[in-house]
Amino acid sequence: MRTSARTFRNVTCLVVALMISAALAACGGGGGGSATTPGASGPATVGVSIASAPAFPAGTTFGTSTASPVTAAAPANSPSFDNVFVTVTKLALLPSIGPEFPDPNGELESSSAADGNGFVTATLASPVVIDLKNLSGDNAAMLLNKFTGVPAGEYSKIRVYYSSVVGHNAGPPPTDTEFHQTGNFHFDVHFVGGNLVIPVTSDPQGGIRFFSVVIDLVGLKYHEAGNSGNVLLRPQVFAKVIGALKYIVTGEADQVNHANGTFVVKAVNDNISAAYGSGTVWFYVDGRFVGPFGISAAVALQNTALVDVIGIFQGGVLVAEEVDITFPNARQGTADNVWILDNTAFIVRSVADNVVVIPKPDRVSAYYDNATSFLPLTFTAIDNGTSVHARGYFDVAGELEAYWISIGP
Numbered sequence: 203m204r205t206s207a208r209t210f211r212n213v214t215c216l217v218v219a220l221m222i223s224a225a226l227a228a229c230g231g232g233g234g235g236s237a238t239t240p241g242a243s244g245p246a247t248v249g250v251s252i253a254s255a256p257a258f259p260a261g262t263t264f265g266t267s268t269a270s271p272v273t274a275a276a277p278a279n280s281p282s283f284d285n286v287f288v289t290v291t292k293l294a295l296l297p298s299i300g301p302e303f304p305d306p307n308g309e310l311e312s313s314s315a316a317d318g319n320g321f322v323t324a325t326l327a328s329p330v331v332i333d334l335k336n337l338s339g340d341n342a343a344m345l346l347n348k349f350t351g352v353p354a355g356e357y358s359k360i361r362v363y364y365s366s367v368v369g370h371n372a373g374p375p376p377t378d379t380e381f382h383q384t385g386n387f388h389f390d391v392h393f394v395g396g397n398l399v400i401p402v403t404s405d406p407q408g409g410i411r412f413f414s415v416v417i418d419l420v421g422l423k424y425h426e427a428g429n430s431g432n433v434l435l436r437p438q439v440f441a442k443v444i445g446a447l448k449y450i451v452t453g454e455a456d457q458v459n460h461a462n463g464t465f466v467v468k469a470v471n472d473n474i475s476a477a478y479g480s481g482t483v484w485f486y487v488d489g490r491f492v493g494p495f496g497i498s499a500a501v502a503l504q505n506t507a508l509v510d511v512i513g514i515f516q517g518g519v520l521v522a523e524e525v526d527i528t529f530p531n532a533r534q535g536t537a538d539n540v541w542i543l544d545n546t547a548f549i550v551r552s553v554a555d556n557v558v559v560i561p562k563p564d565r566v567s568a569y570y571d572n573a574t575s576f577l578p579l580t581f582t583a584i585d586n587g588t589s590v591h592a593r594g595y596f597d598v599a600g601e602l603e604a605y606w607i608s609i610g611p
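Taking our numbering, the leading residue of the sequence shown gets 203, the next gets one more, and so forth.
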């Protein structure tokens, strides 16, 4: 199945405000045979990120006030910060218990460390620091973590736990302020416009549901508590489930037919019929993603590739909006006899063996990049003695037909 490094990556796609997507998936149950439209079954996997937004969405209601959280004045004793650094340690999905609304004045931090019934928690392997004052921008997305084993049900909040909050003022002089320490800080991210619903089993044939969630930070309020000097944090955050229901299916490509744009994904519990077209986006994956590529990259899809296919089902066929390809064969070593065989190939010499590498679709149109800076390159960057990492498929002669070649140590 898909590993965390492959399933969850930072998404830095901007429309108007930065929107960070979260994948919600549910693996299918048993069964096999011909492809059928799969449904959700079993525990889901949820990825969460945080971003910024200009305001709460239209129609948002509040339990205690209708005042706009964007225009409401901050307390008079609110300090000024250029950065508010939050060290996130854990997340939790909270099941819905009835009508619940975000506080228009922001979510009050809490010292409660206990998780209630039905909470689904994800403790980060290493704490993640986010700056709540500067979340917009192409590189602002901070992937927090993923939940696993989420039971079917309805969830109304995401709880964000953190160990410390530091307010930074650039000055002059620069100053740092520790926010008031309680047992375990947390604040809640409310779903608005509809809760997050992990559906019950709808088809035992397999497949994975794929949702999209946007989590937006509207603003921050922080103030000193009375005359104590303790600075308290009240972030204003909301989440929305957006987009049409999609599926993501992981497996081995088989029966690839480029003449009509079809293939089969040999998944864990089923063989899923799939199709691609001119609008399909293609990525190559090997510990990182390269792309997106246009329809010309479809030729890189061959039998035995490991694929992740994201799309919608039409008539029992998964129509691919995105295909992520991990090539089954690779060789890493030193290039030699560069552009032998009529300027079409070279040899990769490694400790294990010597392999002839044939760039595909041809020498010019194969994808080349720098192994360390990941900048795109061309075939001219390869010379005798160059370190290379070639990925693709072995042919019947034992030669590696390589669609992705990285150059450098």
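Think of the CB as a built atom: it goes at the ideal place given N, C-alpha and C, for glycine as much as any other residue.
Fair warning: this is a prediction, and the values are worked out from it, not measured in the lab.
Do G453 and V509 have their C-beta atoms closer together than 8 angstroms?
For the purposes of this step, residue 453 is taken as the residue at position 251 of the sequence shown. For the purposes of this step, residue 509 is taken as the residue at position 307 of the sequence shown. Contact flag set, yes.
**Q.** Cβ-Cβ separation, I512 to K448 (assumed contact under 8 angstroms), whole Å
**A.** As a working mapping, residue 448 is identified with position 246 in the sequence shown. As a working mapping, residue 512 is identified with position 310 in the sequence shown. Contact holds; Cβ gap of about 6 angstroms.
From which residue to which residue does the alpha helix (DSSP H) around L543 run?
Walking along the sequence shown from the start, residue 543 turns up at place 341. Here the alpha helix (DSSP H) through L543 covers 542-545.
Spatial distance of N285 from V331 (CA atoms)
In the sequence shown, the residue the question calls residue 285 occupies position 83. In the sequence shown, the residue the question calls residue 331 occupies position 129. Near 12 angstroms, if we compare the C-alpha coordinates of V331 and N285.
- Query: At which residues does the beta strand (DSSP E) containing L520 begin and terminate?
  - Reply: As a working note, residue 520 is residue 318 in the sequence shown. Run containing L520: 519-528, per the beta strand (DSSP E) assignment.
**Prompt:** Under the rule that 16 or more other beta-carbon atoms within 10 Å means buried, what is F491, buried or exposed?
**Reply:** Counting from 1 along the sequence shown, the entry for residue 491 is found at position 289. Exposed.
Who pairs with S366 in a beta bridge, going by DSSP? Looking up residue 366 in the sequence shown gives position 164. In DSSP, S366 forms a bridge with T289.
Runs of alpha helix (DSSP H) wholly within the segment 473-501 (minimum 4 residues, chain order): none
* Asked: Taking the DSSP output, what are the residues bridged to I549?
  -> The residue you call residue 549 lines up with position 347 of the sequence shown. Answer is D538, V558, bridged to I549.
Given that a residue counts as buried once 16 or more other Cβ atoms are within 10 Å of its Cβ, and exposed if not, what is E603? Residue 603 sits at position 401 when you count from the first residue of the sequence shown. Per the 10 Å Cβ criterion, buried.
**Item:** Delimiting residues of the beta strand (DSSP E) encompassing D390
**Value:** Working through the sequence shown from its first residue, we reach residue 390 at position 188. That run of the beta strand (DSSP E) goes 387-393.
My guess is that R533 and T546 are in contact by the Cβ rule of under 8 angstroms, so how many angstroms apart are they, rounded? By one-based count along the sequence shown, residue 533 stands at place 331. By one-based count along the sequence shown, residue 546 stands at place 344. The Cβ separation is near 17 angstroms, so there is no contact.
- Query: When burial is assigned at 16 or more other CB atoms within 10 Å of the CB, is A537 buried or exposed?
  - Reply: Counting from 1 along the sequence shown, the entry for residue 537 is found at position 335. Answer is buried; the Cβ neighbour count reaches 16.
Neighbour-count burial assignment, Q516, 16 or more Cβ in a 10 Å radius: As a working note, residue 516 is residue 314 in the sequence shown. By the 10 Å Cβ count, Q516 comes out exposed.
- Task: Check T506 in the structure and name its three-state DSSP category.
- Result: As a position in the sequence shown, residue 506 is number 304, starting the count at 1. Coil at T506, not helix or strand.
Reduced DSSP secondary structure (H/G/I, E/B, other) of F581
Start at 1 with the first residue of the sequence shown, and residue 581 comes out as number 379. Helix.
- What residues in its chain sit with their C-beta under 6 angstroms from that of G235, if we drop five residues either side in the sequence? Position 33 of the sequence shown, counted from the start, is the residue given in the question as residue 235. Residue confidence for G235 is low, a pLDDT of 28 falling below 50, so the modelled location carries little weight and cannot support an answer.
(request) Pick helix, strand or coil for R565, following the three-state DSSP scheme. (result) Taking the sequence shown and counting its residues from 1, one reaches residue 565 at position 363. The answer is coil: DSSP assigns R565 none of H, G, I, E or B.
Legend entry - Closest Cα partner of G587 within the set V525, P611, A599: Residue numbering aside, residue 587 sits at position 385 when the sequence shown is read from its first letter. Measuring from the Cα of G587, the nearest candidate turns out to be P611.
Problem set entry | Residue range of the beta strand (DSSP E) that includes S328 | The count along the sequence shown starts at 1 and reaches residue 328 at position 126. First-last of the beta strand (DSSP E) with S328: 322-333.
- So, are the CB atoms of V467 and V451 less than 8 angstroms apart? Mapped onto the sequence shown, residue 467 falls at position 265. Mapped onto the sequence shown, residue 451 falls at position 249. Closer than 8 angstroms, so yes.
| task | Between the Cα of R551 and those of I514, W541, G535, spot the shortest distance and give me the residue it belongs to. | result | Position 349 of the sequence shown holds residue 551. Ranking I514, W541, G535 by Cα distance to R551 puts G535 first.
Worksheet item: Looking only at its own chain, which residues have a Cβ that is under 6 angstroms from the Cβ of T574, when we skip the five neighbours before and after it?
Response: Residue 574 sits at position 372 when you count from the first residue of the sequence shown. If we look at T574 and ignore the five residues flanking it on each side, its Cβ neighbours are G610.
Next on the checklist: Does H460 pass the burial test, meaning 16 or more other C-beta atoms within 10 Å, or should it be called exposed?
Outcome noted: Translated into positions along the sequence shown, residue 460 becomes position 258. By the 10 Å Cβ count, H460 comes out exposed.
Tell me whether D597 sits in a helix, a strand or coil according to DSSP, three-state version.
As a position in the sequence shown, residue 597 is number 395, starting the count at 1. D597 falls in the coil class under three-state DSSP.
*May I ask you to report which of helix, strand or coil DSSP gives G610?*
Translated into the one-based positions of the sequence shown, residue 610 becomes position 408. In the structure shown, G610 sits in coil (DSSP, three-state: anything other than H, G, I, E or B).
Check: From A315 to S282, what distance separates their C-alpha atoms?
Finding: In the sequence shown, residue 315 corresponds to position 113, counting from 1. In the sequence shown, residue 282 corresponds to position 80, counting from 1. Because the pLDDT at A315 is just 49, under 50, the model does not fix this residue reliably, and the point stays unresolved.
- On the premise that F529 lies in contact with A554, defined as a C-beta separation below 8 angstroms, what is that separation, rounded to the nearest angstrom? The residue you call residue 554 lines up with position 352 of the sequence shown. The residue you call residue 529 lines up with position 327 of the sequence shown. Actually they do not touch by this definition, with Cβ atoms about 17 angstroms apart.
| Selection from Y364, Y363, T379, V362 that minimises the alpha carbon distance to H370 | One-based indexing of the sequence shown puts residue 370 at position 168. With distances taken between Cα atoms, H370 lies closest to T379.
task: Note down the Cα distance separating L293 from T377, rounded to an integer number of angstroms.
output: Along the sequence shown, one-based indexing puts residue 293 at 91. Along the sequence shown, one-based indexing puts residue 377 at 175. Approximately 29 angstroms, taken between the alpha carbons.
>> Quick check: the Cα distance between P556 and A327, rounded to an integer number of angstroms?
In response: For the purposes of this step, residue 556 is identified with residue 354 of the sequence shown, where counting begins at 1. For the purposes of this step, residue 327 is identified with residue 125 of the sequence shown, where counting begins at 1. Sequence check: residue 556 is Asn here, not Pro. Cα-Cα distance, rounded: 40 angstroms.
- [ ] Locate the beta strand (DSSP E) running through F381, then write down its first and last residues.
- [x] In the sequence shown, the residue the question calls residue 381 occupies position 179. That residue, F381, is in no beta strand (DSSP E); it is neither H nor E in DSSP.
Among the candidates V368, G396, G463, whose CA atom is the shortest distance from the CA of S358? By one-based count along the sequence shown, residue 358 stands at place 156. S358 has its Cα closest to that of G396, out of V368, G396, G463.
Requested in this report: Would you tell me roughly how many angstroms separate the C-alpha atoms of A441 and L398, rounded to the nearest one?
Outcome: Numbered from its first residue, the sequence shown carries residue 441 at position 239. Numbered from its first residue, the sequence shown carries residue 398 at position 196. So the two alpha carbons sit approximately 9 angstroms from each other.
* Asked: What are the partner residues of Q457, as DSSP defines its beta bridges?
  -> For this step, residue 457 is matched to residue 255 along the sequence shown. Answer is none; Q457 lacks a bridge partner.
#### Entry: Rounded separation between P578 and G493 - CA only
Against the sequence shown, residue 578 aligns to sequence position 376. Against the sequence shown, residue 493 aligns to sequence position 291. Answer to the nearest angstrom: the Cα atoms are 10 angstroms apart.
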